[in-house]
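In our numbering, the protein residues as written are 13 to 111.
First the structure, in the form of structure tokens, and then the observations on it.
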């Protein structure tokens, strides 16, 4: 069964935030800030104006994240982006080929 682009993006964002929380922040389980970022990101993706035709968020003309959340997400992506291939290889390849 093929999942929607939005659902795939939500899974990818969650993988990245979990990786950041564990490897960068050193938490054994998800901290409250990272849990909040996951929930916030999923809500933003659910309400994306472009739906299945969405751009990568960094190329989107509409910045729907609050500045504080956008800053935190940039930190997460900067850290987790290059490490994803080692921890979630299948998901990383799917993400890269479906940009």
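Idealized CB from N, CA, C, for every residue including glycine.
Output the boundary residues of the alpha helix (DSSP H) element that contains residue i.
{"i": "residue 47", "result": "44–58"}
{"i": "residue 29", "result": "17–31"}
{"i": "residue 103", "result": "101–109"}
If you run the structure through DSSP and keep just helix, strand and coil, what is residue i?
{"i": "residue 93", "result": "coil"}
{"i": "residue 83", "result": "helix"}
{"i": "residue 64", "result": "helix"}
{"i": "residue 74", "result": "coil"}
{"i": "residue 14", "result": "coil"}
{"i": "residue 36", "result": "helix"}
For residue i, which option in the options has the closest C-alpha, if you only look at C-alpha atoms?
{"i": "residue 54", "options": "67, 65, 77 and 86", "result": "77"}
{"i": "residue 59", "options": "23, 95, 84 and 18", "result": "18"}
{"i": "residue 73", "options": "31, 21 and 61", "result": "61"}
{"i": "residue 68", "options": "30, 52, 14 and 21", "result": "21"}
{"i": "residue 84", "options": "107, 66, 25 and 63", "result": "25"}
What whole-angstrom Cβ distance do residue i and residue j have, given they're in contact under 8 Å?
{"i": "residue 81", "j": "residue 31", "result": "18 Å between Cβ atoms; not a contact."}
Three or more C-beta pairs closer than 8 Å, one from the region 83–102 and one from the region 20–40: is that the case here? yes
With three or more C-beta pairs closer than 8 Å as the rule, is the region 40–60 touching the region 95–104? no
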